[in-house]
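> Chains as they are written, first to last, in my numbering: chain C, 1 to 306; chain S, 307 to 612.
Structure incoming, see below.
2 protein chains.
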Amino acid sequence: MITSFDELISHVKECGKKTVSVAVAEDGAVLEAVHAAREQGIADAILVGDEEKIRAIAKGLNIDPDEYRIINEPDHTQAARTAVKLTHDGVADMYMKGLLDTKGFLKSVLDKEVGLRTGKPLSHVAVFEVEGIRQLLFLTDVAFMTYPTLEDKVHIIENTVAVCHACGIENPKVAPLAAVEVVNPKMPVTVEAAELTRMNEEGKITGCVVDGPLSLDIAIDPEAAAHKGATGRKIAGDADVLLFPDIHAGNLVYKCLVHTAKVENGCILTGTKVPVILTSRSDSFQTKVNSIALAAVVAEAMKDQN
Amino acid sequence: MITSFDELISHVKECGKKTVSVAVAEDGAVLEAVHAAREQGIADAILVGDEEKIRAIAKGLNIDPDEYRIINEPDHTQAARTAVKLTHDGVADMYMKGLLDTKGFLKSVLDKEVGLRTGKPLSHVAVFEVEGIRQLLFLTDVAFMTYPTLEDKVHIIENTVAVCHACGIENPKVAPLAAVEVVNPKMPVTVEAAELTRMNEEGKITGCVVDGPLSLDIAIDPEAAAHKGATGRKIAGDADVLLFPDIHAGNLVYKCLVHTAKVENGCILTGTKVPVILTSRSDSFQTKVNSIALAAVVAEAMKDQN
Numbered sequence: 001m002i003t004s005f006d007e008l009i010s011h012v013k014e015c016g017k018k019t020v021s022v023a024v025a026e027d028g029a030v031l032e033a034v035h036a037a038r039e040q041g042i043a044d045a046i047l048v049g050d051e052e053k054i055r056a057i058a059k060g061l062n063i064d065p066d067e068y069r070i071i072n073e074p075d076h077t078q079a080a081r082t083a084v085k086l087t088h089d090g091v092a093d094m095y096m097k098g099l100l101d102t103k104g105f106l107k108s109v110l111d112k113e114v115g116l117r118t119g120k121p122l123s124h125v126a127v128f129e130v131e132g133i134r135q136l137l138f139l140t141d142v143a144f145m146t147y148p149t150l151e152d153k154v155h156i157i158e159n160t161v162a163v164c165h166a167c168g169i170e171n172p173k174v175a176p177l178a179a180v181e182v183v184n185p186k187m188p189v190t191v192e193a194a195e196l197t198r199m200n201e202e203g204k205i206t207g208c209v210v211d212g213p214l215s216l217d218i219a220i221d222p223e224a225a226a227h228k229g230a231t232g233r234k235i236a237g238d239a240d241v242l243l244f245p246d247i248h249a250g251n252l253v254y255k256c257l258v259h260t261a262k263v264e265n266g267c268i269l270t271g272t273k274v275p276v277i278l279t280s281r282s283d284s285f286q287t288k289v290n291s292i293a294l295a296a297v298v299a300e301a302m303k304d305q306n
Numbered sequence: 307m308i309t310s311f312d313e314l315i316s317h318v319k320e321c322g323k324k325t326v327s328v329a330v331a332e333d334g335a336v337l338e339a340v341h342a343a344r345e346q347g348i349a350d351a352i353l354v355g356d357e358e359k360i361r362a363i364a365k366g367l368n369i370d371p372d373e374y375r376i377i378n379e380p381d382h383t384q385a386a387r388t389a390v391k392l393t394h395d396g397v398a399d400m401y402m403k404g405l406l407d408t409k410g411f412l413k414s415v416l417d418k419e420v421g422l423r424t425g426k427p428l429s430h431v432a433v434f435e436v437e438g439i440r441q442l443l444f445l446t447d448v449a450f451m452t453y454p455t456l457e458d459k460v461h462i463i464e465n466t467v468a469v470c471h472a473c474g475i476e477n478p479k480v481a482p483l484a485a486v487e488v489v490n491p492k493m494p495v496t497v498e499a500a501e502l503t504r505m506n507e508e509g510k511i512t513g514c515v516v517d518g519p520l521s522l523d524i525a526i527d528p529e530a531a532a533h534k535g536a537t538g539r540k541i542a543g544d545a546d547v548l549l550f551p552d553i554h555a556g557n558l559v560y561k562c563l564v565h566t567a568k569v570e571n572g573c574i575l576t577g578t579k580v581p582v583i584l585t586s587r588s589d590s591f592q593t594k595v596n597s598i599a600l601a602a603v604v605a606e607a608m609k610d611q612n
């Protein structure tokens, strides 16, 4: 079971070498992260984009562009299509966003011919190592699905549990979060949380233990759980997956962790044929590297399944 | 301008002595906090409840019960009514919950005869001192109002801005938060945030600067704000008030701060005739003391206004 990004990166090195395909790779921050991932033995990269720009940016960063396979395609839409096809065809194992807008990038992910659709909804998972918390936390969805329905939440759980399994967490504990830990008919999110718990008990959601509604303190703090007399619950400070009511709650907690706590984090898009790395401008260098490592671990697990 | 709880407590000591009236005071954790507040010169207390039990608990905590005025009223409802009347009549300056359930306590707060109604909706404010953040953060509403409407949010801002003013923050910056910092018609909370901003610009919300929608990083992290090119905004990492979309988002961020960051915090209920202290079992000793100090500062400001 992986409990830190150091362990995650060590695990990646034991797996067969993975390759990330980068769409519109002429992006300094992305190239830096991709290069660090290569130097650390996490993954190789194929760079698709404007070759001239890629070479110039690489040289500016003291990166030797000749270490990489570069496919020259200056048009953004075409570059994304070419890059995603490499993963669709199994030439690369993960797909990463470079210097194109999220909309254009997602269009390539969802392309019916060369894209990475599985028929399931896509969701985002942000994995956190937080000082003082023993287990990794899998936050979802903090960036992609805005107002998930009950059905969407089932898919989000399935997508995220697969990532937990890839990290060696065999039976992850999933906490559908709310402001309170009891069902209140005036708060629909608590009713849905209880319904997800029931579906898990009835075997309709498998490979994990669901227990909600839960407040965040009972989900992540064993002492708080004990203090509140929550020891009879299936989750008492040991939640792996934090399922948020909506994107506002999720994103605000995500940014609260990044900007006020001591953390390491990385994130990927799931529900796709291969893991998709969709880091944002504001993510740190290390977050980008961690995201590539996380994607590699998930890619390895997917390979085992196929 | 107060920027820490140490400063807040120093300020309280410069004000005239305040008194807190405690409803159903036979509660060890509450008595400990009340006693610490007294010893630190923050406030005196009048203890209303079962005198025999109060004396026994006090002695068990090495507190001399004779230091306090005790009003013997073993019945919880009557004790709350008596205690709230003391603040209603100006004998005490703040009202605090002891060993009775929140519902019964709020019933006394809202009592038409002896309660603390002002005609305005009540809201909760949690004040945080967070390591690495220069200003105090006023989080609202993380515990009381569940799904505030636009009109409710105007009242929440007014209630909270009054608390900021009491803390010497003359023109607090109010950030209506969301997952994103731009208006998206598919996310109603962003539309409402923009509307609150407009109302502030038109002088319908005064005594503060409102700028929303804002993501949490732009609200509290000047570096992140600069990185995202948010320097043209009215708020760029220097928000005082964090206004949450709903209680789930608010409560989850609140608990995230308490359980993963280095913080000091205290909270009160506002929109009442006098500040109301409604701490919960799970609040730490220090949080309870801080809450009494916060209430005292607000009580002083209210006295100045009357």
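In this text, a Cβ means the ideal position worked out from N, Cα and C, and glycines have one as well.
Could you check the C-alpha separation between Ala58(C) and Ala92(C) for me, to the nearest Å?
In the first sequence, the residue the question calls residue 58(C) occupies position 58. In the first sequence, the residue the question calls residue 92(C) occupies position 92. Going from the Cα of Ala58(C) to the Cα of Ala92(C) covers about 21 Å.
> With distance defined between alpha-carbon atoms, name the residue in Phe411(S), Asn465(S) and Leu353(S) nearest to Ser586(S).
One-based indexing of the second sequence puts residue 586(S) at position 280. The residue with the shortest Cα to Cα distance from Ser586(S) is Phe411(S).
> Provide the residue span of the beta strand (DSSP E) that contains Cys267(C), from first to last.
Against the first sequence, residue 267(C) aligns to sequence position 267. It spans Val263 to Thr270 - the beta strand (DSSP E) in which Cys267(C) sits, taken as one unbroken run.
> Hey, quick one: how far does the beta strand (DSSP E) through Phe138(C) stretch, first residue to last?
Here the question's residue 138(C) lines up with position 138 in the first sequence. Start and end: Leu137 to Thr140.
> Classify Asp372(S) as buried or exposed, calling it buried when 16 or more other Cβ atoms lie within 10 Å of its own Cβ.
Stepping through the second sequence from its first residue, residue 372(S) is reached at position 66. The residue in question, Asp372(S), is exposed, as its Cβ has fewer than 16 Cβ neighbours within 10 Å.
> Are Ala33(C) and Ile292(C) close, meaning C-beta to C-beta below 8 Å?
Position 33 of the first sequence, counting from 1, holds the residue named residue 33(C). Position 292 of the first sequence, counting from 1, holds the residue named residue 292(C). A contact, by the Cβ cut-off of 8 Å.
> State whether the region 462-470 of chain S contacts the region 510-518 of chain S, with contact taken as three or more CB pairs (one from each stretch) at a distance under 8 Å.
Cβ pair count under 8 Å is three or more, so yes.
> Using a C-beta cutoff of 8 Å, does Lys479(S) count as contacting chain A?
Of the chains in the structure shown, none is chain A; the protein chains are C and S.
> Cβ of Leu428(S) within 8 Å of Cβ of Phe434(S)?
Position 122 of the second sequence, counted from the start, is the residue given in the question as residue 428(S). Position 128 of the second sequence, counted from the start, is the residue given in the question as residue 434(S). No.
> Shorter than 8 Å from the beta carbon of Val189(C) to some beta carbon of chain S?
By one-based count along the first sequence, residue 189(C) stands at place 189. Chain S, which has a Cβ nearer than 8 Å to the Cβ of Val189(C), makes this yes.
> Interface residues of chain C around Cys562(S) at Cβ under 7 Å?
Here residue 562(S) corresponds to residue number 256 of the second sequence, with the count starting at 1. The contacting residues are Leu216, Val253, Cys256 and Leu257.
> Let me know the beta strand (DSSP E) ranges lying completely inside the region 423-474 of chain S, each 3 residues or longer, listed in chain order.
DSSP runs (the beta strand (DSSP E)) wholly in the region 423-474 of chain S: 429-436 and 443-446.
> Assuming Lys540(S) and Lys459(S) form a contact by the criterion Cβ under 8 Å, report the distance between their Cβ atoms to the nearest whole angstrom.
Numbered from its first residue, the second sequence carries residue 540(S) at position 234. Numbered from its first residue, the second sequence carries residue 459(S) at position 153. Their Cβ separation, rounded to whole angstroms, is 17 Å, which puts Lys540(S) and Lys459(S) out of contact at 8 Å.
> Distance cutoff 8 Å, beta carbons only. Does Pro245(C) sit that close to anything in chain S?
The residue you call residue 245(C) lines up with position 245 of the first sequence. True, the Cβ-Cβ gap to chain S drops below 8 Å.
> I want to see whether chain C comes within less than 8 Å of Gly355(S), judged by CB atoms only; does it?
Numbered from 1 along the second sequence, position 49 holds the residue referred to as residue 355(S). No, Gly355(S) lies away from the interface with chain C (no Cβ there is under 8 Å from its Cβ).
> So, at 6 Å on beta carbons, what are the nonlocal neighbours of Asn251(C) in its own chain, with the 5 sequence-adjacent residues on each side left out?
Counting from 1 along the first sequence, the entry for residue 251(C) is found at position 251. Counting only Cβ-Cβ distances below 6 Å, and skipping sequence neighbours, we find Val142.
> Run down chain S in chain order and give the residues with a C-beta less than 9 Å from the C-beta of Ile220(C).
Taking the first residue of the first sequence as 1, we reach residue 220(C) at position 220. Lys561, Cys562, His565 and Thr566, listed in chain order.
> For Asp523(S) versus His227(C), is the C-beta distance shorter than 8 Å?
Sequence index remark: in the second sequence, residue 523(S) carries index 217 (1-based). Sequence index remark: in the first sequence, residue 227(C) carries index 227 (1-based). The answer is no: Cβ separation not under 8 Å.
> Taking any Cβ of chain C, which residues in the region 412-438 of chain S have a Cβ under 8 Å from it, in chain order?
The region 412-438 of chain S vs chain C, Cβ under 8 Å: Val436, Glu437 and Gly438.
> Under the criterion of a Cβ to heavy atom distance below 7 Å, does Leu367(S) qualify as lining the ligand FAD?
The ligand FAD is not among the ligands present in this structure, which contains no ligands whatsoever.
> Between which two residues does the beta strand (DSSP E) containing Thr19(C) stretch?
If you number the first sequence from 1, residue 19(C) lands on position 19. Counting along the chain, the beta strand (DSSP E) containing Thr19(C) begins and ends at Thr19 to Ala23.
> As a quick exercise: from Lys510(S), Lys609(S) and Val436(S), pick the residue whose alpha carbon is nearest that of Asn571(S).
Counting from 1 along the second sequence, the entry for residue 571(S) is found at position 265. That would be Val436(S), whose Cα lies nearest to the Cα of Asn571(S).
> Would Asn62(C) be called buried (16 or more neighbouring beta carbons within 10 Å of its own) or exposed?
Locating residue 62(C) in the first sequence gives position 62, counting from the first residue. Flag for Asn62(C) reads exposed.
> In three-state terms, what does DSSP make of Gly355(S)?
As a working note, residue 355(S) is residue 49 in the second sequence. Of the three classes helix, strand and coil, the one that applies to Gly355(S) here is strand, per DSSP.
> Can you give me the C-alpha to C-alpha distance between Lys107(C) and Lys561(S), rounded to a whole angstrom?
Taking the first residue of the first sequence as position 1, residue 107(C) is located at position 107. Taking the first residue of the second sequence as position 1, residue 561(S) is located at position 255. Approximately 37 Å between the Cα atoms of the pair.
> Check the Cβ of Lys228(C) against every Cβ in chain S and list those closer than 9 Å, keeping chain order.
Along the first sequence, one-based indexing puts residue 228(C) at 228. Neighbours of Lys228(C) on chain S, chain order: Arg587 and Ser588.
> Please work out which residues of its chain come closer than 8 Å, Cβ to Cβ, to Thr3(C), disregarding the five sequence neighbours upstream and downstream, and give them in chain order.
Counting from 1 along the first sequence, the entry for residue 3(C) is found at position 3. Counting only Cβ-Cβ distances below 8 Å, and skipping sequence neighbours, we find Glu129, Arg134, Gln135 and Leu136.
> Leaving out five residues before and five after Glu195(C) in sequence, what residues of the same chain have Cβ atoms less than 8 Å from its Cβ?
Position 195 of the first sequence holds residue 195(C). Once the five neighbours on either side are set aside, the close Cβ partners of Glu195(C) are Leu150.
> Would you verify that the beta carbon of Thr87(C) is, or is not, closer than 8 Å to some beta carbon of chain S?
As a first step, residue 87(C) must be located in the first sequence, where it is residue number 87. For Thr87(C), the answer is no, since every Cβ of chain S falls outside 8 Å of its Cβ.
> For Leu177(C) and chain S, any beta-carbon pair shorter than 8 Å?
Position 177 of the first sequence, counted from the start, is the residue given in the question as residue 177(C). It does: the Cβ of Leu177(C) has a partner Cβ on chain S nearer than 8 Å.
> Please confirm if Thr270(C) has its CB atom under 8 Å from at least one CB of chain S.
One-based indexing of the first sequence puts residue 270(C) at position 270. No, no contact with chain S.
> What are the residues in the region 488-520 of chain S lying within 8 Å of chain C by C-beta distance?
Residues passing the 8 Å Cβ filter: Lys492, Met493 and Val495.
> Kindly indicate the opening and closing residues of the alpha helix (DSSP H) around Pro528(S).
By one-based count along the second sequence, residue 528(S) stands at place 222. That run of the alpha helix (DSSP H) goes Pro528 to His533.
> Applying a beta-carbon distance threshold of less than 8 Å, which residues of chain C neighbour Thr452(S)?
Here residue 452(S) refers to the residue found at position 146 of the second sequence. Residues of chain C passing the Cβ test: Ala179, Lys186 and Met187.
> Residue range of the alpha helix (DSSP H) that Met400(S) falls in?
Within the second sequence, the letter at position 94 stands for residue 400(S). Premise fails: Met400(S) lies in the beta strand (DSSP E), Met400 to Lys403, not in any alpha helix (DSSP H).
> What does the Cβ neighbour count give for Lys568(S), buried or exposed, with the cut at 16 atoms within 10 Å?
Working through the second sequence from its first residue, we reach residue 568(S) at position 262. Result: exposed.
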